[in-house]
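J.:
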Amino acid sequence: MTILKQATYSKKDFNLHERHRLYSGFIGVEKVSLDHRLFHQENHTPILQRELIHRPEAAGVLIYDEQKQKIALIEQFRIGAIDDETSPWQLEIIAGVLDADETPESCVRREAFEESGCHIHELEHIFSFYPSAGACDELFHLYTAQADLPLEGGIFGVENEGENIQLHIIDYKDIPILLRNGRLRNAPVIMALQWLLQTITIKNV
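Here the sequence shown is numbered in the working numbering, starting from 90 and rising by one per residue.
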């Protein structure tokens, strides 16, 4: 099937009429006017108005220790979850945005040290994806890496960036519980833990 190899249409099948910057900050917001081709027709939509949120590329890594049968996850306050019915403190993999011309691999190595004190070397790329393509252009690069994890967590983060991050060291046997109990509300951590369950041998699970 064609859909398994490539998208039905390409960049030449939509027309940009206007792009207007509404806000510039850590994120940016644009008002975009466009039309695009309709499926299985030569006709296009009427002119559509859309808001586009700009965020830098980001990268994250699930660090795991096969010998100890443990993983590293972090917990921190997230503004996007401020209205969450349980808590805005979210459990996540280590992640951050790319600086300037930084590569995703360099980003996750830097973030791993800042947020867990771990030095990682060999990275395995899992996916690159748009977390919320309906409104945001952020591209997220997801990796996994093995490391010698500490026995206990701690408090990490870059203080002058307002970071206050708690590192949790979690047993492999508790991963299925996390995936079922609703504690995980973040796509990269869910994807990474599902990859781990499918890929490696987990004892006593």
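For every residue, glycine included, the Cβ atom is placed at its ideal position computed from N, Cα and C.
1) If you scan the region 199-286 from start to end, which runs of the alpha helix (DSSP H) of 4 or more residues do you find wholly inside it?
2) What is the residue span of the beta strand (DSSP E) that residue 297 lies within?
3) Using CA atoms only, rank isn't needed, just tell me which of 203, 118 and 131 is closest to residue 248.
4) Have a look at residue 157 and residue 233 and give me their C-alpha separation to the nearest angstrom.
5) By Cβ distance below 6 Å, which residues in the same chain neighbour residue 176 in space, the five residues on each side in sequence not counted?
6) Apart from the five residues just before and just after residue 226, which ones in its own chain have a Cβ nearer than 8 Å to its Cβ?
7) What's the C-alpha gap between residue 148 and residue 194?
8) Where residue 92 and residue 101 are concerned, what is the direct C-alpha to C-alpha distance, given to the nearest angstrom?
9) With a CB to CB cut of under 6 Å and the five nearest residues on each side skipped, what residues in its chain are close to residue 119?
10) Going by beta carbon distance, what residues of the same chain come within less than 8 Å of residue 257, once the five residues before and after it are set aside?
11) If I measure Cβ to Cβ from residue 155 and keep anything under 7 Å in the same chain, skipping five residues before and after, which residues do I get?
12) Taking DSSP as the reference, what is the three-state secondary structure of residue 100?
13) Considering only the alpha carbon of each residue, which of 106, 153, 117 and 112 lies closest to residue 135?
14) Using the three-state DSSP reduction, which class does residue 191 fall into: helix, strand or coil?
15) By Cβ distance below 8 Å, which residues in the same chain neighbour residue 132 in space, the five residues on each side in sequence not counted?
16) Quick one: is residue 265 buried, meaning 16 or more other Cβ sit within 10 Å of its Cβ, or exposed?
17) Does the distance from the CB of residue 152 to the CB of residue 196 come in under 8 Å?
18) Does DSSP classify residue 171 as helix, strand or coil?
T.: According to the data block:
1) 264-269
2) In this structure the chain extends from 90 to 294, so residue 297 is not present and cannot be described.
3) 203
4) 16 Å
5) none
6) 141, 142, 143, 144 and 219
7) 8 Å
8) 18 Å
9) 108, 110 and 141
10) 161, 162, 163, 164, 180 and 242
11) 235 and 289
12) helix
13) 106
14) coil
15) 126
16) exposed
17) no
18) coil
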